[in-house]
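S.K.: If you read the sequence shown in this note's numbering, its first letter stands for residue 26, the second for the next number, and so on. Submitted below is the structure of interest, expressed as structure tokens.
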Amino acid sequence: MKRYGLPLVILIMSLLYIFLIPSEPLTVKLLFKLIPMWLIILFAYRQLPPHRSKVHYLLLTGLFFCMIGDGTLIWFVVGLTAFLIGHLFYTAGFLGQWRYTLLRLLSIVPVAVYSIWMGNELVTSIKANGDQALIIPVIAYITVISLMLWSAIMTGNQWAMIGSLLFVISDSILSWNMFVADIRYSGVWIMTTYYAAQFLMARSIAAFDNPNVQSTNTAALNTSVFK
């Protein structure tokens, strides 16, 4: 049961923030928003194998910058920049772990199509709202997170692949709700997919630089989410 303890605490604290913590006072809301990420970073650290390499530290750093993004997103461009840096660290880690197949390579097509469509919708709405200063940061962010998703797919690490996809879904809901149209229960959807994404990113760390784990990733997904 010990191995399930920390993931269970992460789940409880995530649900507590999403469903029970009021929006005011802001400092309390922000504190409870960050607690799941602190715990996820601790969980990621516990996933580190005895023989560590650059990819492990890059992913840990990505988690850290995403936590900074959590805390500063009330200043949108500052938070967006922190998340962008986090995605760059994720991408740098994934780039050195590619397991090439043609199908994975071709996944760039749907990723690019979705990114272009989403970018066009967001830019159109941003222009209509008169927030032209946000266009370049938003386009840069879409580009980087799309590259992060594709590079995760190219690793063949299914924890990283699903985590990256959930990250894109979370950010898509957030940006659509912010710039295009209101989404019902957007806060619940955003944070549920976001915490799940970060947990899976943390879980992916144990599989990198371990050929035996890489080759049995699919079987592992069918047995347990926890190390």
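Virtual Cβ for every residue (Gly too), placed ideally from N, Cα, C.
(1) Mind checking T149: buried by the 16 CB within 10 Å criterion, or exposed?
(2) Specify, as a first and last residue, the run of the alpha helix (DSSP H) that G118 falls within.
(3) What does the Cβ neighbour count give for P61, buried or exposed, with the cut at 16 atoms within 10 Å?
(4) Mind checking Q157: buried by the 16 CB within 10 Å criterion, or exposed?
(5) What is the rounded straight-line gap between the Cα of T168 and the Cα of I215?
(6) So which of L105, P50, Y115 and V34 has the shortest CA-CA distance to W63?
(7) Is V136 near W175, with beta carbons less than 7 Å apart?
(8) Could you tell me the distance, in whole angstroms, from the CA atom of G96 to the CA atom of S132?
(9) Compare the beta carbon distance of I151 and I160 with 7 Å and say whether it is the shorter of the two.
(10) Can you give the beta carbon distance from T218 to I43, rounded, assuming they're within the 8 Å contact cut?
(11) Kindly list the residues whose CB is nearer than 6 Å to the CB of H112, restricted to its own chain and excluding five residues on each side of it in sequence; keep chain order.
(12) What does the alpha-carbon distance come out to for the pair W184 and K54?
M.R.: According to the structure data:
(1) exposed
(2) F101 to L120
(3) buried
(4) exposed
(5) 20 Å
(6) V34
(7) yes
(8) 32 Å
(9) yes
(10) 11 Å between Cβ atoms; not a contact.
(11) V169, I170 and M173
(12) 29 Å
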